[in-house]
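S.K.: Those sequence lines, one after another, are chains A, H, D and F. Each residue of the first sequence is one higher than the one before, counting from 151 in my numbering. Each residue of the second sequence is one higher than the one before, counting from 151 in my numbering. Each residue of the third sequence is one higher than the one before, counting from 861 in my numbering. Each residue of the fourth sequence is one higher than the one before, counting from 861 in my numbering. Every residue gets a Cβ at the ideal spot worked out from N, C-alpha and C, and that includes glycine.
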Amino acid sequence: MKLNILYFAWVRERVGQSQEAYETSAATVADLIFELVARDAGYAAAFVDLSAICVAVDQELSDFTTSLVDCREVAFFPPMTGG
Amino acid sequence: MKLNILYFAWVRERVGQSQEAYETSAATVADLIFELVARDAGYAAAFVDLSAICVAVDQELSDFTTSLVDCREVAFFPPMTGG
Amino acid sequence: MSARVQEAAFDFQAEMTAFQSAVTRSGAVVSFTGVVRDDTGSLDYMFIEHYPGMTQAALRNFADQATEKFGLEKALVIHRHGRLQPGEAIMMVATAARHRKDAFAGADYLMDYLKSRAPFWKKEVSKGSATWVASKDQDEAALAAWSLESAAKES
Amino acid sequence: MSARVQEAAFDFQAEMTAFQSAVTRSGAVVSFTGVVRDDTGSLDYMFIEHYPGMTQAALRNFADQATEKFGLEKALVIHRHGRLQPGEAIMMVATAARHRKDAFAGADYLMDYLKSRAPFWKKEVSKGSATWVASKDQDEAALAAWSLESAAKES
């Protein structure tokens, strides 16, 4: 399936882009992360500390066990600091 | 000694006046109340339920045991309902 | 730390503009406004009596206490007296602090004090009948809770 | 229950005028304003990044949750993104309720959500060096406390 992946804040800076279309057969968020970190050092640096990574699947806050079935958009970012 | 006594809200309405100069030798707030209730039915009605009466001595919230020595102003009123 | 008692309406917007422009170190500003409610639809007006010699000092005293207790940069209290129509603002409180929890707690604490320690009394006048508003046990309980919290922190 | 995400500055006074004039049943109105602080005196500006597809819905969702949980008559959230100077307002929240405790709690709860569940990220830029603001454990703890409170009430 083809996903749109978005990156924000320092995750975006380390990955080196704010979004990309990505073809994958990953079943869960965790599977997707494993694929990404294998791609290059930027991804590896972005995901080096998974306790500092949050994820939204189709714009809903989710976690690493969330299924990607029928998903169209995944976003990775650090803990939020609004307000 | 000569005191200025002030009354507020329904205490004022029952006593029938908002303030008066009053000559007394009462040592405490409680003594003063006993003198007042003996004066007439209006005072008796104002002080019939002492749990509903608050007092300020020289503009400081006080209680019935507070001494009136050197005091110049005593105010009686129901529980406050500001805000 | 300013406190005002007045019969005239106050301009909330202008008060907040002045308050915020005087704040320099605070990241958090909280305001509270109390408005005359007409729950039954029959209220003609509310009359607020106060103790002129005591109110100004009491308000200032509460504002200073809240400032110290919560490390506020600034606190403001304005309370009206006299005749107020439904929908009119009775009073306002504003607090400024570095952190939001202190700004919220400072304003909440000030309100608890105003509700049960400031010398104001409200009378509701409806169709010729007038009723003094009874104080609420929950206001006393709210105030007592701050003392318990302080005691718990100290122990 | 309105929520807005915008780059432009908002006019707190005008927002509060509109908010208060739309309130009919509430005796209590609370506002919170968050301002860019410059604790060290060296901040050039703050940059706020956000997730455009998600922020508006998230803010609206939080406002609806707070409205239901505290029985608010009305709630408003405005949050800015982009470049902000020290002293500029980042965001504001307003709540209206019959009783003051609900208005305070509703605003406080909304802030706790915004701090750790709304997709905004702050970067501080000073003399050419840029630092992403770290999230605070105390923000998570503040949010968790509301769940504990709900659980305690239900049990």
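Just grab the DSSP bridge partners of residue 947 of chain D for me.
M.R.: According to DSSP, residue 947 of chain D bridges with nothing at all.
S.K.: With a Cβ-Cβ cutoff of 8 Å, do residue 911 of chain D and residue 171 of chain H count as a contact?
M.R.: Against a cut-off of 8 Å, the Cβ pair of residue 171 of chain H and residue 911 of chain D comes out as no contact.
S.K.: Grab me the residues of residue 223 of chain A's own chain with a C-beta within less than 6 Å of its C-beta, minus the 5 sequence neighbours each way, in chain order.
M.R.: Closer than 6 Å at the Cβ level, and outside the excluded window around residue 223 of chain A, lie 154, 208.
S.K.: Would you verify that the beta carbon of residue 977 of chain D is, or is not, closer than 8 Å to some beta carbon of chain H?
M.R.: Closer than 8 Å: yes.
S.K.: Show which residues of chain F have a CB atom less than 7 Å away from the CB atom of residue 167 of chain A.
M.R.: Here the premise fails: no neighbours, minimum Cβ distance about 14 Å.
S.K.: Can you check whether the C-beta of residue 906 of chain F is within less than 8 Å of a C-beta belonging to chain D?
M.R.: False, the Cβ-Cβ gap to chain D never drops below 8 Å.
S.K.: I need the DSSP call for residue 231 of chain A, collapsed to helix, strand or coil.
M.R.: Correct three-state label for residue 231 of chain A: coil.
S.K.: Quick check on the DSSP output: the alpha helix (DSSP H) that includes residue 151 of chain A runs from which residue to which?
M.R.: Here residue 151 of chain A belongs to no alpha helix (DSSP H), and DSSP marks it neither H nor E.
S.K.: If you follow the alpha helix (DSSP H) that residue 927 of chain D is part of, which residue opens it and which one closes it?
M.R.: Residue 927 of chain D -> alpha helix (DSSP H) spans 912 to 930.
S.K.: Residue 871 of chain F: beta carbon under 7 Å from a heavy atom of the ligand ZN?
M.R.: No copy of the ligand ZN appears in this structure; indeed no ligand is present at all.
S.K.: List, in order along the chain, the chain A residues whose C-beta lies closer than 8 Å to that of residue 917 of chain F?
M.R.: By Cβ distance, chain A contributes 209.
S.K.: Give the range of the alpha helix (DSSP H) segment to which residue 1025 of chain D is assigned.
M.R.: Because chain D spans 861 through 1015 in this model, residue 1025 of chain D falls outside it and cannot be assessed.
S.K.: Between F/977, F/939, F/899, which lies nearest to residue 953 of chain F when the distance is taken from Cα to Cα?
M.R.: Taking only the C-alpha atoms, the option nearest residue 953 of chain F is F/939.
S.K.: Relative to the C-alpha of residue 178 of chain H, which candidate in H/227, H/167, H/228, H/217 has its C-alpha closest?
M.R.: Ranking the options by Cα distance to residue 178 of chain H, first place goes to H/217.
S.K.: Are the Cβ atoms of residue 929 of chain D and residue 231 of chain H separated by less than 8 Å?
M.R.: It is not a contact, given that the beta carbons lie outside the stated cut-off.
S.K.: Report all residues from its chain with a CB closer than 6 Å to the CB of residue 187 of chain A; omit the five preceding and five following residues, and keep chain order.
M.R.: Within the same chain, residue 187 of chain A has close Cβ partners 193, 194, 197.
S.K.: Buried or exposed: where does residue 894 of chain D fall if 16 or more other Cβ atoms within 10 Å of its Cβ makes it buried?
M.R.: Looking at its Cβ environment, which holds 16 or more other Cβ atoms inside 10 Å, residue 894 of chain D is buried.
S.K.: With a Cβ-Cβ cutoff of 8 Å, do residue 907 of chain F and residue 967 of chain F count as a contact?
M.R.: No, the Cβ-Cβ distance between residue 907 of chain F and residue 967 of chain F is not below 8 Å.
S.K.: Can you check DSSP and say which residues form a bridge with residue 169 of chain H?
M.R.: DSSP output for residue 169 of chain H lists H/156 as bridge partner(s).
S.K.: When you compare the stretch 1000 to 1010 of chain D with the stretch 878 to 886 of chain D, are there three or more beta-carbon pairs, one atom per stretch, that lie closer than 8 Å?
M.R.: The answer is no - the stretch 878 to 886 of chain D does not touch the stretch 1000 to 1010 of chain D, with fewer than three Cβ pairs under 8 Å.
S.K.: Only counting the same chain, and skipping five residues up and downstream in sequence, which positions put a Cβ closer than 8 Å to that of residue 998 of chain F?
M.R.: Closer than 8 Å at the Cβ level, and outside the excluded window around residue 998 of chain F, lies no residue.
S.K.: Give, in chain order, every residue of the stretch 218 to 231 of chain H whose Cβ lies closer than 8 Å to some Cβ of chain D.
M.R.: Result list: 223, 225, 227, 228, 229, 230, 231.
S.K.: Could you tell me how far apart the beta carbons of residue 229 of chain A and residue 986 of chain F are, in whole angstroms, since I believe they sit closer than 8 Å?
M.R.: Not really, about 22 Å apart at Cβ, beyond 8 Å.
S.K.: Determine the burial state of residue 942 of chain D: buried for a count of at least 16 other Cβ atoms within 10 Å of its Cβ, exposed for fewer.
M.R.: Counting Cβ neighbours within 10 Å, residue 942 of chain D comes out exposed, since fewer than 16 surround it.
S.K.: Using the C-alpha atoms, what's the distance from residue 156 of chain H back to residue 176 of chain H?
M.R.: Rounded to whole angstroms, residue 176 of chain H to residue 156 of chain H spans 16 Å at the Cα level.
S.K.: I'd like to check one pair, residue 886 of chain F with residue 956 of chain F: are the Cβ atoms closer than 8 Å?
M.R.: Taking 8 Å as the Cβ cut-off, residue 956 of chain F and residue 886 of chain F qualify as a contacting pair.
S.K.: Please report the distance separating the alpha-carbon of residue 890 of chain D from that of residue 190 of chain H.
M.R.: Cα to Cα, residue 890 of chain D sits roughly 50 Å from residue 190 of chain H.
S.K.: Mind pulling the chain D residues with CB within less than 7 Å of residue 1023 of chain F?
M.R.: Residue 1023 of chain F is absent from the structure shown; chain F starts at 861 and stops at 1015.
S.K.: Which residue from D/990, D/1000, D/970, D/876 puts its Cα closest to that of residue 932 of chain D?
M.R.: Closest by alpha carbon: D/970.
S.K.: Is residue 224 of chain A helix, strand or coil by DSSP?
M.R.: Reduced to three states, the DSSP call for residue 224 of chain A is strand.
S.K.: Considering just the uninterrupted stretch of the beta strand (DSSP E) at residue 900 of chain D, what are its terminal residues?
M.R.: Looking at the DSSP string, residue 900 of chain D is not in any beta strand (DSSP E), and its letter there is neither H nor E.
S.K.: Considering just the uninterrupted stretch of the alpha helix (DSSP H) at residue 989 of chain F, what are its terminal residues?
M.R.: First-last for residue 989 of chain F: 989 to 992, but that is the beta strand (DSSP E), not the alpha helix (DSSP H).
S.K.: Under 7 Å Cβ to Cβ from residue 902 of chain D, same chain only, skipping five residues before and after it: list those, please.
M.R.: 986, 987, listed in sequence order.
S.K.: Check each residue of the stretch 986 to 1000 of chain F: if its Cβ is closer than 8 Å to any Cβ of chain D, include it; give the result in chain order.
M.R.: Listed in sequence order: no entries.
S.K.: Does any C-beta atom of chain D lie closer than 8 Å to the C-beta of residue 176 of chain H?
M.R.: For residue 176 of chain H, the answer is no, since every Cβ of chain D falls outside 8 Å of its Cβ.
S.K.: Please name the residue in H/158, H/163, H/182 whose C-alpha comes closest to that of residue 151 of chain H.
M.R.: Of H/158, H/163, H/182, the residue nearest in Cα terms is H/182.
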